Amino acid sequence: MFEARLTKGELIKKVIEALKDLVTEANFDISATGIQLQAMDSSHVSLCALQMKAEGFDHFRCDRSMPLGINLSSMSKVLKCCNKDDIVTLKAEDDGDSINFMFESKDQDKISDFELKLMDIDSEHFGIPDTDYKATVTMSASEFTRICNDLSILGETVAISVGKDGVRFSVSGEMGTGNMTVRDNTSSDTKEADRVEIDMEEPVNLNFALRYLKSFAKAAPLTDRVSLCLSRDVPLLVKYEIPEFGSLSYYLAPKIDD
Amino acid sequence: KGNQVRIENFFAAK
């Protein structure tokens, strides 16, 4: 028996909104420690890794570890019926072929339940090594969304370079070129939400497809901050930490010159 | 600008 109840049910809705552009169907691996998901996009260019800790839920019970294969676009449709302040309960039997969603309004005056059929999904799992990244930038999640959306007007590829002057996002396309530089402002009196922290061991300069970054940025409603971790010739890690609940990490393979 | 590399090239399957 699996049962998980979350007062802040909206979090689940936001998680699915942050995944469904990249991943059509995925296994939610449930165990006594929580829920994990690892999935690649259909082009195998990026990898999403979700972690939701059991302690982050108001109630969490999982008698047997198992994968719950779910179509994310169906799940997103079901979650459209969940209101902002609803309490969400997820339930599945050990040998069942469905997952149950229950949405309760805060005042307990409306209760809805939905059942979704589970799918058998043959998914590969990757071992993600602990990487000592050469540059880490932590900034406002909404500002990062803005940068990705704004620069995509000009081109498909962004060069991200972290140097002593800050982190520069550059795009060039048929229309022209654009650069946005964000500087470390930790020494000034910047309010928490707008703080930019740059931790650089050595300069890094890598190219990435903007369309994936734009999809990752859909996770911004989950939390205030995002971290970008870079090292030469390895995937970019874009990490959204959800306080007391878990994290949503995206890995994006770079574009490499011949 | 640059060739897109696949993500599997970086992570070993478990």
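Chains as they are written, first to last, in my numbering: chain F, -6 to 251; chain S, 3 to 16.
Every residue gets a Cβ at the ideal spot worked out from N, C-alpha and C, and that includes glycine.
As the structure is a computational prediction, the values presented were derived from the model and not from experiment.
> Quick one: does K127 of chain F have its CB under 8 Å from some CB of chain S?
Replying inline: Taking the first residue of the first sequence as 1, we reach residue 127 of chain F at position 134. Judged by the 8 Å Cβ criterion, K127 of chain F is not in contact with chain S.
> Can the beta-carbon of P196 of chain F be found closer than 8 Å to that of S135 of chain F?
Replying inline: Taking the first sequence and counting its residues from 1, the one referred to as residue 196 of chain F is at position 203. Taking the first sequence and counting its residues from 1, the one referred to as residue 135 of chain F is at position 142. It is not a contact, given that the beta carbons lie outside the stated cut-off.
> Can you tell which of F:N93, F:D51, F:G120 has its C-alpha closest to the C-alpha of K16 of chain S?
Replying inline: In the second sequence, the residue the question calls residue 16 of chain S occupies position 14. Ranking F:N93, F:D51, F:G120 by Cα distance to K16 of chain S puts F:G120 first.
>> Among the candidates F:M112, F:V227, F:Q44, whose CA atom is the shortest distance from the CA of K248 of chain F?
In response: Your numbering for residue 248 of chain F matches position 255 in the first sequence. Looking at the Cα atoms, F:V227 is the closest of the given residues.
>> Using C-beta distances below 7 Å, list every residue in its chain close to S66 of chain F, excluding the 5 sequence neighbours before and after it, in chain order.
In response: Here residue 66 of chain F corresponds to residue number 73 of the first sequence, with the count starting at 1. Correct list, in chain order: K13, T17.
> Does any C-beta atom of chain S lie closer than 8 Å to the C-beta of E97 of chain F?
Replying inline: Taking the first sequence and counting its residues from 1, the one referred to as residue 97 of chain F is at position 104. So, not an interface residue.
> Where DSSP assigns a beta bridge to K184 of chain F, which residues make up the other side?
Replying inline: Residue mapping note: residue 184 of chain F aligns to position 191 of the first sequence, counting from 1. K184 of chain F is not bridged to any residue.
> Whole-angstrom Cβ separation of A19 of chain F and A11 of chain F, contact assumed at under 8 Å?
Replying inline: As a first step, residue 19 of chain F is located in the first sequence; it is residue number 26 there, counting from the start. As a first step, residue 11 of chain F is located in the first sequence; it is residue number 18 there, counting from the start. The Cβ separation is near 12 Å, so there is no contact.
> Thinking just about the alpha-carbon of each residue, which of F:Y243, F:L(-1), F:L109 is nearest to the one in E237 of chain F?
Replying inline: The residue labelled residue 237 of chain F in the question sits at position 244 within the first sequence. Of F:Y243, F:L(-1), F:L109, the residue nearest in Cα terms is F:L(-1).
> On the premise that G27 of chain F lies in contact with K46 of chain F, defined as a C-beta separation below 8 Å, what is that separation, rounded to the nearest angstrom?
Replying inline: Within the first sequence, numbered from 1, the residue matching residue 46 of chain F stands at position 53. Within the first sequence, numbered from 1, the residue matching residue 27 of chain F stands at position 34. Rounded, the Cβ-Cβ distance is 5 Å, consistent with contact.
>> So with CB distances below 9 Å, who are the chain S contacts of F209 of chain F?
In response: In the first sequence, the residue the question calls residue 209 of chain F occupies position 216. Near F209 of chain F there are no residues of chain S at all, since even the closest Cβ is about 13 Å away, more than 9 Å.
> Is the shortest distance between the beta-carbon of V227 of chain F and the beta-carbons of chain S less than 8 Å?
Replying inline: The count along the first sequence starts at 1 and reaches residue 227 of chain F at position 234. It does: the Cβ of V227 of chain F has a partner Cβ on chain S nearer than 8 Å.
>> Measuring alpha carbon to alpha carbon, tell me which residue in F:M193, F:K7, F:S208 is nearest R225 of chain F.
In response: Position 232 of the first sequence, counting from 1, holds the residue named residue 225 of chain F. The shortest C-alpha separation from R225 of chain F is found at F:M193.
> Can you list, in chain order, the residues of its chain whose CB lies under 6 Å from that of L245 of chain F, leaving out five sequence neighbours each side?
Replying inline: Locating residue 245 of chain F in the first sequence gives position 252, counting from the first residue. Excluding sequence neighbours, L245 of chain F sits near S39, F201, Y205, P228, L229.
>> Measuring alpha carbon to alpha carbon, tell me which residue in F:K207, F:D177, F:E3 is nearest Y243 of chain F.
In response: For the purposes of this step, residue 243 of chain F is taken as the residue at position 250 of the first sequence. If we check each option's Cα against that of Y243 of chain F, F:K207 comes out closest.
> Just the Cα atoms here: how many angstroms apart are D123 of chain F and T138 of chain F?
Replying inline: What you label residue 123 of chain F is simply residue 130 of the first sequence in a count that begins at 1. What you label residue 138 of chain F is simply residue 145 of the first sequence in a count that begins at 1. Taking the straight line from one Cα to the other gives about 26 Å.
>> According to DSSP, simplified to helix, strand and coil, what is R8 of chain S?
In response: Your numbering for residue 8 of chain S matches position 6 in the second sequence. Three-state result, R8 of chain S: coil.
>> Quick check: T129 of chain F and C222 of chain F, are their CB atoms within less than 8 Å of each other?
In response: Taking the first residue of the first sequence as 1, we reach residue 129 of chain F at position 136. Taking the first residue of the first sequence as 1, we reach residue 222 of chain F at position 229. Cβ distance < 8 Å, so T129 of chain F and C222 of chain F count as in contact.
> Whose C-alpha, out of F:E(-4), F:E3, F:C141, F:D143, is nearest the C-alpha of I23 of chain F?
Replying inline: What you label residue 23 of chain F is simply residue 30 of the first sequence in a count that begins at 1. The candidate whose alpha carbon is nearest that of I23 of chain F is F:E(-4).
> Between I240 of chain F and the rest of its own chain, which residues show a CB-CB distance below 7 Å, the 5 nearest in sequence each way excluded?
Replying inline: Here residue 240 of chain F refers to the residue found at position 247 when the first sequence is read from its first residue. A quick correction: the sequence has Ser, not Ile, at residue 240 of chain F. Closer than 7 Å at the Cβ level, and outside the excluded window around S240 of chain F, lie Q44, K232, Y233, E234.
>> Assuming A186 of chain F and S116 of chain F are in contact, meaning their beta carbons sit under 8 Å apart, how far apart are those beta carbons, in whole angstroms?
In response: Working through the first sequence from its first residue, we reach residue 186 of chain F at position 193. Working through the first sequence from its first residue, we reach residue 116 of chain F at position 123. 36 Å between Cβ atoms; not a contact.
> Just the Cα atoms here: how many angstroms apart are R54 of chain F and I92 of chain F?
Replying inline: Position 61 of the first sequence, counting from 1, holds the residue named residue 54 of chain F. Position 99 of the first sequence, counting from 1, holds the residue named residue 92 of chain F. Each residue's alpha carbon lies about 14 Å from the other.
>> Out of F:S163, F:D158, F:G156, which one is the CA nearest neighbour of L147 of chain F?
In response: Indexing the first sequence from 1 puts residue 147 of chain F at position 154. Measuring from the Cα of L147 of chain F, the nearest candidate turns out to be F:S163.
> For a contact meaning CB atoms closer than 7 Å, what does V38 of chain F contact in chain S?
Replying inline: One-based indexing of the first sequence puts residue 38 of chain F at position 45. The answer, in chain order, is Q6, R8, I9.
>> If the criterion is Cβ atoms closer than 8 Å, does the pair L199 of chain F and G171 of chain F meet it?
In response: Locating residue 199 of chain F in the first sequence gives position 206, where the first residue counts as 1. Locating residue 171 of chain F in the first sequence gives position 178, where the first residue counts as 1. In this structure, G171 of chain F does not lie closer than 8 Å to L199 of chain F by Cβ.
> With 16 other CB atoms within 10 Å as the buried threshold, where does E97 of chain F fall?
Replying inline: Start at 1 with the first residue of the first sequence, and residue 97 of chain F comes out as number 104. Buried: at least 16 other Cβ atoms inside 10 Å.
> Around the Cβ of R218 of chain F, are there at least 16 other Cβ atoms within 10 angstroms (buried) or fewer (exposed)?
Replying inline: By one-based count along the first sequence, residue 218 of chain F stands at place 225. With 16 or more Cβ atoms within 10 Å of its Cβ, R218 of chain F is classed as buried.
>> By the three-class DSSP mapping on this structure, what secondary structure does R218 of chain F have?
In response: Taking the first sequence and counting its residues from 1, the one referred to as residue 218 of chain F is at position 225. Of the three classes helix, strand and coil, the one that applies to R218 of chain F here is strand, per DSSP.
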